[in-house]
Ligand code: SLL
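Residue numbers (the numbering used here): 16 to 169.
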């Protein structure tokens, strides 16, 4: 497959986490007693854009305290929803559509459950939703021709 010389194609996306503390009086059923939060880790398009024309699969590698800690998501939404008590680094591996001939790329995200610092009332436990997300652009340098067609809607 011939590469399109001298061309780079950028595609934006967002990845990150959102965490919600449980109401202590209203925890989900079957949830381990030490879990304090529900959280999601995700990779998605900007403004809900479908990115599955270039992104085929996302593998999220969770902390070893989780059962089946390597989670492969084969179609959108590319996300994992879990409950837990602790923060950790999540490895995110992006697999591109087969036409791309591209190797997977790895990203890391620090799962955030706890807000930073004290609030106006001073240091105490704060219970609020924590969103931690990053805008990224993937760069496909000199994509192969079939992938270039896909990327540019040709
Ligand atoms: C810490 N380095 O010690 C981190 C590890 C692990 C988080 C956090 C529960 C898993 C489960 C969970 O939240 N693990 O019970 O399935 O803070």
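Here a beta-carbon is modelled for each residue, glycine too, at the ideal position from N, C-alpha and C.
Within the same chain, show all residues whose beta-carbon is closer than 6 Å to that of residue i, passing over the 5 residues directly before and after it, in chain order.
{"i": "residue 154", "result": "23 and 25"}
{"i": "residue 100", "result": "49, 50 and 51"}
{"i": "residue 61", "result": "27"}
{"i": "residue 117", "result": "111"}
{"i": "residue 159", "result": "16, 18 and 116"}
{"i": "residue 46", "result": "98"}
{"i": "residue 55", "result": "33, 94 and 96"}
{"i": "residue 35", "result": "53 and 144"}
Here's the rule I'm using: 16 or more other beta-carbon atoms within 10 Å means buried, otherwise exposed. How should residue i be labelled?
{"i": "residue 32", "result": "buried"}
{"i": "residue 83", "result": "exposed"}
{"i": "residue 85", "result": "exposed"}
{"i": "residue 123", "result": "exposed"}
{"i": "residue 17", "result": "exposed"}
{"i": "residue 163", "result": "buried"}
{"i": "residue 13", "result": "It is not possible to answer for residue 13, since the shown part of the chain is limited to 16 through 169."}
Could you name the residues of the same chain whose beta carbon sits closer than 8 Å to that of residue i, not counting the 5 residues immediately before and after it, in chain order?
{"i": "residue 157", "result": "18, 19, 20, 21, 22 and 23"}
{"i": "residue 88", "result": "72, 73, 74, 75, 94 and 95"}
{"i": "residue 43", "result": "37, 53 and 98"}
{"i": "residue 121", "result": "106, 107, 108 and 109"}
According to the Cβ coordinates, are residue i and residue j closer than 7 Å?
{"i": "residue 149", "j": "residue 57", "result": "no"}
{"i": "residue 114", "j": "residue 165", "result": "yes"}
{"i": "residue 128", "j": "residue 151", "result": "no"}
In chain order, what residues of the same chain lie with their CB nearer than 7 Å to the CB of residue i, ignoring the 5 residues before and after it?
{"i": "residue 78", "result": "84 and 103"}
{"i": "residue 119", "result": "108, 109 and 110"}
Specify whether the region 81-101 and the region 142-154 touch according to this definition: at least 3 beta carbon pairs, one from each stretch, less than 8 Å apart.
no
Any 3 or more C-beta pairs closer than 8 Å across the region 100-112 and the region 67-75
yes
Quick check for students: name the residue ranges of the alpha helix (DSSP H) that lie wholly in the region 66-137, counting only runs of 4 or more.
none
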